[in-house]
Amino acid sequence: MHLTLNGVRLDADARTLHDLVGPLPDGHAAAVNHEVVPRAEHASMLLADGDVVEVVTAVAGG
Numbered sequence: 000m001h002l003t004l005n006g007v008r009l010d011a012d013a014r015t016l017h018d019l020v021g022p023l024p025d026g027h028a029a030a031v032n033h034e035v036v037p038r039a040e041h042a043s044m045l046l047a048d049g050d051v052v053e054v055v056t057a058v059a060g061g
């Protein structure tokens, strides 16, 4: 299946978000097609051909 991960198009065999990105460290979040997916749902979030996945890191500052 064709996916885009952080702007990079790739072919992946991943069925779920967890299959694609694995367990994320604290301070990271994942979104599929511009919708944030709660960490508890990563293993059940099925991916489809053409999905756009973004993994971001929270940054604090002031």
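In this text, residue positions in the sequence shown follow numbering that gives the first Met the number 0: the first is 0, and each later residue adds one. Glycine included, C-beta positions come from ideal geometry on N, C-alpha and C.
Closest in C-alpha terms to Leu2, from the list Thr56, Asp48, Val55, comes Asp48. If you ignore the 5 residues before and after Pro24, its C-beta comes within less than 8 angstroms of no other C-beta in its own chain.
Residue state for Val31 is assigned as strand, using DSSP reduced to three classes. One thing to note: His33 has its Cβ no nearer than 8 angstroms to the Cβ of Thr15. Rounded to the nearest angstrom, the Cβ distance from Leu46 to Met0 is 7 angstroms, consistent with a contact under 8 angstroms. In the DSSP assignment, His1 falls within the beta strand (DSSP E) that extends over 1 to 4.
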